[in-house]
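J.:
In the numbering used here, the protein residues as written are 84 to 206.
Laid out in structure tokens, this is it:
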């Protein structure tokens, strides 16, 4: 039984109609690296590599990052530098939000910015 990441990467690559060699070339890695990922011989790569893989196969970066259990560096930097963001994520983790609940939170965040008065400089 392979890892969730390796299995999903293989499924998405095949759906995209790409060979391991073609995907490796587009991402800038050796084809044997893609094979090892898909066959669970290596752990999921860095978030930046996961993003490049997702873009090359036309997949959702969020989905592939979630399966890899990775957070992009820029997101991590924002969270580390903001105590309220850490508190928010800790609370959400404690609550064990479901997928639909996370989506509802995303909607609330989007509407938060929509409600701000326009004009003036943004923080």
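Quick reminder that beta carbons are idealized off the backbone N, C-alpha and C, glycines included.
1. Quick one: give me the first and last residue of the alpha helix (DSSP H) that residue 140 is part of.
2. To the nearest angstrom, how far is the alpha carbon of residue 124 from that of residue 87?
3. So, is residue 89 buried or exposed, given that buried needs 16 or more other C-beta atoms within 10 angstroms?
4. Cβ-heavy atom distance between residue 103 and the ligand SAM below 7 Å?
5. Helix, strand or coil, according to DSSP, for residue 163 in the structure here?
6. Residues in its own chain within less than 6 Å of residue 153 by CB, not counting five upstream and five downstream?
7. Measuring only the C-alpha atoms, how far is residue 168 from residue 160?
8. Taking the CB atoms as reference points, tell me whether residue 158 and residue 136 lie closer together than 8 Å.
9. My understanding is that residue 93 touches residue 121, with C-beta atoms under 8 Å, so please give their C-beta distance in whole angstroms.
T.: To lay it out plainly:
1. 130-140
2. 13 Å
3. buried
4. The ligand SAM is not among the ligands present in this structure, which contains no ligands whatsoever.
5. helix
6. 130 and 133
7. 11 Å
8. no
9. 4 Å
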